[in-house]
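Everything on this sheet refers to the single structure shown next.
2 protein chains.
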Amino acid sequence: MTLTEENYLKALFHLSTENEEVSVLDLSKSLTIKMPTVNSMVKKLSGKGLISYEKYKPLMLTQSGKRAAGLIIRKHRLVEMFLVQHLGFGWDEVHEIAEQIEHIKSQRFFDRIDQLLDFPKVDPHGSPIPDINGEVVFQNYKKLEECVENQMVMFMSVGSSQDSFLKLIDKLNLKLGDIIKVLEIQEFDKTMRVLVNETSEQNLSQMVAANILVKT
Amino acid sequence: MTLTEENYLKALFHLSTENEEVSVLDLSKSLTIKMPTVNSMVKKLSGKGLISYEKYKPLMLTQSGKRAAGLIIRKHRLVEMFLVQHLGFGWDEVHEIAEQIEHIKSQRFFDRIDQLLDFPKVDPHGSPIPDINGEVVFQNYKKLEECVENQMVMFMSVGSSQDSFLKLIDKLNLKLGDIIKVLEIQEFDKTMRVLVNETSEQNLSQMVAANILVKT
DNA sequence: AATTTTTGTTAGACTAATCTAACATTTTAG
DNA sequence: CTAAAATGTTAGATTAGTCTAACAAAAATT
Numbered sequence: 421m422t423l424t425e426e427n428y429l430k431a432l433f434h435l436s437t438e439n440e441e442v443s444v445l446d447l448s449k450s451l452t453i454k455m456p457t458v459n460s461m462v463k464k465l466s467g468k469g470l471i472s473y474e475k476y477k478p479l480m481l482t483q484s485g486k487r488a489a490g491l492i493i494r495k496h497r498l499v500e501m502f503l504v505q506h507l508g509f510g511w512d513e514v515h516e517i518a519e520q521i522e523h524i525k526s527q528r529f530f531d532r533i534d535q536l537l538d539f540p541k542v543d544p545h546g547s548p549i550p551d552i553n554g555e556v557v558f559q560n561y562k563k564l565e566e567c568v569e570n571q572m573v574m575f576m577s578v579g580s581s582q583d584s585f586l587k588l589i590d591k592l593n594l595k596l597g598d599i600i601k602v603l604e605i606q607e608f609d610k611t612m613r614v615l616v617n618e619t620s621e622q623n624l625s626q627m628v629a630a631n632i633l634v635k636t
Numbered sequence: 421m422t423l424t425e426e427n428y429l430k431a432l433f434h435l436s437t438e439n440e441e442v443s444v445l446d447l448s449k450s451l452t453i454k455m456p457t458v459n460s461m462v463k464k465l466s467g468k469g470l471i472s473y474e475k476y477k478p479l480m481l482t483q484s485g486k487r488a489a490g491l492i493i494r495k496h497r498l499v500e501m502f503l504v505q506h507l508g509f510g511w512d513e514v515h516e517i518a519e520q521i522e523h524i525k526s527q528r529f530f531d532r533i534d535q536l537l538d539f540p541k542v543d544p545h546g547s548p549i550p551d552i553n554g555e556v557v558f559q560n561y562k563k564l565e566e567c568v569e570n571q572m573v574m575f576m577s578v579g580s581s582q583d584s585f586l587k588l589i590d591k592l593n594l595k596l597g598d599i600i601k602v603l604e605i606q607e608f609d610k611t612m613r614v615l616v617n618e619t620s621e622q623n624l625s626q627m628v629a630a631n632i633l634v635k636t
C-alpha cells in the first residue's frame with residue numbers, strides 16, 4: 421500500500437467513528453484533497469477490497485480496510501507514545517512526526533517500539549492503541565461538560581488533539597489521570613469551576629469541558 | 421527536497437568518497453535507475469544548485485549539495501545507532517529502516533535522538549556521523565589485509581555493510597573495538613590467522629581482511 | 001586514423017496523484 | 001412537486017519520477 425492510500429484509509433476510519441455516514445465530501449474536506457481526486461482514489465481502494473463503494477452512496481471500510489486502517493493508527497499512536505516517553509516531546513508536538521513515521525515499512529520496528537514502551541494501551545492523548553489485528557477497544561468516556569456539580573471524575577482522554585487545545589490544557593496544569601471535582605457550573609455560560617487533585621482550582625469554559633473526557 | 425532528490429544526493433556523495441570521478445553511469449548503477457532518468461534528475465538538481473553539471477563531464481556535488489548530503493547521512497547514521505542501541509536491532513538489520521527514517525521532516529526529532537545517544541561520533545558500523553553542518557571527519561583507518569605478521573591493531577570500522585559480511589563478522593565473534601593480533605599470513609592465498617582480544621583464534625580470508633578496517 | 005564500444009543525451013510514453021471544468025444526481029426548500 | 005442547492009462523477013490536463021528507443025559524443029581498440 422502506498423503512503424497516500426494509507427492516509428485515505430486512516431481518514432475514512434476516523435470519520436467513520438465520528439459519524440454514522442461518511443460522504444465523499446467529508447473525506448475530501450478531511451484530507452483537503454478535491455472531490456474528483458478522492459472519488460478516483462475511492463474507486464481504486466474499492467478495487468483493492470478496502471472500501472465498499474457504490475455510486476452516490478456513503479463510503480464504508482470493508483473488514484480488511486478497517487483492519488488495515490487500525491494497524492496504521494496503531495503505528496501512529498505507538499510512535500506518539502514513544503516520542504513523548506523516550507524523546508521528551510510534548511503531547512502537542514508529536515502528531516506531525518508520527519504522521520510520517522507511521523508509514524515506515526518494517527513490522528519489527530513497531531514491534532520493538534511496542535516492547536520498549538511495555539505494550540501501552542493508550543497514546544499520550546488517552547486514545548486507545550489498536551491491537552496487532554487493528555482492533556480498537558471502544559472507550560465509553562463521558563465529556564466533563566456532562567458532569568454535574570460535586571461529581572468527582574478522572575481525566576482519561578482528550579476530545580480534540582488540536583495544538584491550541586493541548587497547549588491550553590498544559591497551561592491549566594491538567595494531565596491525564598488527574599482527579600477532577602466539579603465545584604460549580606455557571607448557569608449563564610456553563611463555565612465550570614473545578615478542583616484538580618484536591619489542590620488547584622481552575623475555571624473551564626464549556627468548550628474546554630466538552631473536550632475533556634472523563635471516567636466516573 | 422523530495423525523498424527522491426535526497427537519495428540521489430546521498431548516492432552521489434558516497435560515490436564521490438569512493439572514486440575520484442563519478443559518471444552518470446556510476447550513479448545510475450548505484451541507484452539502479454536507468455541512465456536517462458538519472459540524467460534528467462541530475463539536471464534538475466543542478467538547477468537547484470546542488471550538483472554542478474556539464475554535459476559529458478563527471479558529476480560533482482556543489483558545496484551546498486555536499487552539505488545537504490552530509491546532513492542526510494547524518495540522519496541515517498544517527499538512526500542506525502538508535503536502532504541498535506535502543507531497539508535491540510543487529511547491525512545487519514538497521515540499514516533498510518534507516519533508509520526510510522532518514523527522510524523524516526523534523527529537525528527536532530533527529531536532535532533528540534542525537535541527545536538520547538549522547539552525541540555519538542560513529543554509527544554501528546564504525547562509519548563517522550557527519551556533524552550538524554553535514555561535515556564528515558575523515559577516518560584514515562587501514563585495511564587489516566595490509567597489516568603484517570605480529571602486528572596488533574584495533575577493529576574500528578567495516579569496509580562493507582553487506583548483510584552477508586556483517587553476519588559473518590558476527591559469526592566470527594568479532595566486534596568493533598576488539599584487539600586483533602596478526603599471527604600468520606598464508607603466502608599462498610593471504611589468509612590470515614589472527615588472535616582476538618588475546619583469547620580466540622580465527623582464520624580470515626583476504627576478502628574478509630580487506631573489509632576489516634583497523635587503527636594501529 | 002578509423003572503427004567499435006562505452007557512455008551520455010534527447011524524445012516521447014507511462015503511472016500515480018493531483019487539479020479544474022463540465023456535467024449528473026440527490027437532497028433540500030419554497 | 002418543481003427549482004435550486006449541494007453533492008458526486010466524468011473527462012481531460014499537470015507534475016514528478018520512471019521507462020524504452022533512438023541518436024550523439026567520448027573513449028578504447030585495432
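Protein chains in written order, with my numbering: chain Z, 421 to 636; chain W, 421 to 636. Using N, Cα and C, we set each Cβ at its ideal position, and we do this for glycine too. Just so you know, these numbers come straight off a predicted model, no measurement behind them.
Tell me where the beta strand (DSSP E) around residue i begins and ends.
{"i": "residue 574/Z", "result": "572-578"}
{"i": "residue 602/Z", "result": "599-605"}
Go through its chain and collect everything with a Cβ distance to residue i's Cβ below 7 Å, but skip five positions before and after it.
{"i": "residue 557/Z", "result": "548"}
{"i": "residue 544/Z", "result": "500, 501, 504, 511 and 514"}
{"i": "residue 539/W", "result": "none"}
{"i": "residue 580/W", "result": "631"}
{"i": "residue 541/Z", "result": "548 and 549"}
{"i": "residue 608/Z", "result": "none"}
{"i": "residue 469/Z", "result": "482 and 484"}
{"i": "residue 493/Z", "result": "430, 433 and 550"}
{"i": "residue 615/W", "result": "601, 603 and 621"}
{"i": "residue 507/W", "result": "none"}
Please name the residue or residues paired with residue i in a DSSP beta bridge.
{"i": "residue 621/Z", "result": "615/Z"}
{"i": "residue 542/Z", "result": "548/Z"}
{"i": "residue 480/Z", "result": "472/Z"}
{"i": "residue 442/Z", "result": "479/Z"}
Going by DSSP, what residue range makes up the alpha helix (DSSP H) through residue i?
{"i": "residue 632/Z", "result": "Segment 632-635 is the beta strand (DSSP E) holding residue 632/Z; no alpha helix (DSSP H) there."}
{"i": "residue 566/W", "result": "Residue 566/W -> no alpha helix (DSSP H), and no H or E assigned at all."}
{"i": "residue 555/Z", "result": "Neither: residue 555/Z is in no alpha helix (DSSP H) and is coded neither H nor E."}
{"i": "residue 534/Z", "result": "527-536"}
{"i": "residue 516/W", "result": "514-521"}
{"i": "residue 609/W", "result": "Note, residue 609/W: premise wrong, no alpha helix (DSSP H); not H, not E."}
{"i": "residue 589/W", "result": "583-591"}
{"i": "residue 421/W", "result": "Run containing residue 421/W: none; DSSP gives neither H nor E here."}
{"i": "residue 465/Z", "result": "455-467"}
Excluding five sequence neighbours on each side, which residues of the same chain lie with their C-beta closer than 6 Å to the C-beta of residue i?
{"i": "residue 512/W", "result": "583, 586 and 587"}
{"i": "residue 466/W", "result": "473"}
{"i": "residue 436/W", "result": "442"}
{"i": "residue 427/Z", "result": "none"}
{"i": "residue 564/W", "result": "629, 632 and 634"}
{"i": "residue 554/Z", "result": "487, 490 and 491"}
{"i": "residue 521/Z", "result": "499"}
Rounded to whole angstroms, how far is the Cβ of residue i from the Cβ of residue j, which I believe are closer than 8 Å?
{"i": "residue 533/W", "j": "residue 499/W", "result": "7 Å"}
{"i": "residue 488/Z", "j": "residue 429/Z", "result": "6 Å"}
{"i": "residue 481/W", "j": "residue 546/W", "result": "At roughly 24 Å, the Cβ-Cβ gap does not stay under 8 Å, so residue 481/W and residue 546/W are not in contact."}
{"i": "residue 594/W", "j": "residue 611/W", "result": "About 16 Å separates the two Cβ atoms, so there is no contact after all."}
{"i": "residue 423/W", "j": "residue 523/W", "result": "5 Å"}
Using a Cβ-Cβ cutoff of less than 8 Å, which residues in the same chain neighbour residue i once the five nearest sequence positions on both sides are dropped?
{"i": "residue 569/W", "result": "602, 603, 604 and 605"}
{"i": "residue 443/Z", "result": "478 and 479"}
{"i": "residue 635/W", "result": "561, 562, 573, 574 and 576"}
Using Cβ-Cβ distances below 9 Å, what residues of the stretch 491-516 of chain W are close to chain Z?
Cβ proximity to chain Z below 9 Å picks out 503, 506, 507, 508, 509, 513 and 516 from the stretch 491-516 of chain W.
Residues within the stretch 525-539 of chain Z neighbouring chain W, beta-carbon criterion of under 9 Å
525, 526, 528, 529, 532, 533, 535 and 536
What residues in the stretch 566-598 of chain Z have a beta carbon less than 9 Å from any beta carbon of chain W?
none
Give, in chain order, every residue of the stretch 463-484 of chain Z whose Cβ lies closer than 7 Å to some Cβ of chain W.
The stretch 463-484 of chain Z vs chain W, Cβ under 7 Å: nothing.
Give me the subset of the stretch 537-559 of chain Z whose CB atoms are less than 8 Å from a CB atom of chain W, sorted by chain position.
none
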